[in-house]
Amino acid sequence: MSDNVDLIKLNPKSNSKVEDVEITGIKDVKKGQLVRGYVKSITSSGVFFGPPFLLFQRKKQTKKEKELEKQKKEKELCKLEASLMDPSRQPQSADDFDRLVLSSPNSSILWLQYMAFHLQATEIEKARAVAERALKTICFR
Numbered sequence: 013m014s015d016n017v018d019l020i021k022l023n024p025k026s027n028s029k030v031e032d033v034e035i036t037g038i039k040d041v042k043k044g045q046l047v048r049g050y051v052k053s054i055t056s057s058g059v060f061f062g063p064p065f066l067l068f069q070r071k072k073q074t075k076k077e078k079e080l081e082k083q084k085k086e087k088e089l090c091k092l093e094a095s096l097m098d099p100s101r102q103p104q105s106a107d108d109f110d111r112l113v114l115s116s117p118n119s120s121i122l123w124l125q126y127m128a129f130h131l132q133a134t135e136i137e138k139a140r141a142v143a144e145r146a147l148k149t150i151c152f153r
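In terms of this note's numbering, the sequence shown opens at residue 13 and continues consecutively.
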């Protein structure tokens, strides 16, 4: 190998060239970003790489900042709860259908919609399992 050959780092997932970005603070790093390592998580206490290396550590929050963050999380949770309680909302995941069939276990149309949801995603075994659950759950009186 000659001395004037440049080594190019490649992202192992996409074989694209990885450029070292300048990181000046915690806001410059995103979860999963490739930065001479793997960003495992970004928490309120810092940025952690896997294996557990700490890059940046956030300053401790004041009581007022903690209270504001708590209020913000509470508002987000209220919005999520309100959207889940909306009667006109269509189920979009298996968890949504599970909630609905728990609230109306004898609704055959709901069980059929749940099976159709899995069939649209070509998850035939899951649709079959839902059908078997429906037959065990629905009261035939």
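C-beta: ideal position from N, C-alpha, C; glycine also.
- Residue 152 and residue 139 have their C-alpha atoms roughly 21 Å apart.
- If you draw a straight line from the Cα of residue 39 to the Cα of residue 80, it is about 19 Å long.
- Comparing alpha-carbon positions, the option among 119, 103, 77, 133 lying closest to residue 145 turns out to be 119.
- In chain order, 109, 112, 113, 116 place their CB closer than 8 Å to the CB of residue 122, counting only its own chain and leaving out the 5 sequence neighbours on each side.
- In this structure, the alpha-carbon of residue 78 lies about 11 Å from that of residue 85.
- Of the other Cβ atoms in all chains shown, 16 or more fall within 10 Å of the Cβ of residue 127; this residue is therefore buried.
- When the Cα atoms are used, residue 88 and residue 95 turn out to be separated by approximately 11 Å.
- CA-to-CA, the gap between residue 137 and residue 131 works out to about 9 Å.
- Distance from the CA of residue 105 to the CA of residue 75, rounded to the nearest whole angstrom, comes to 38 Å.
- Membership of residue 115 in the alpha helix (DSSP H) is indicated by the continuous run 106 to 115.
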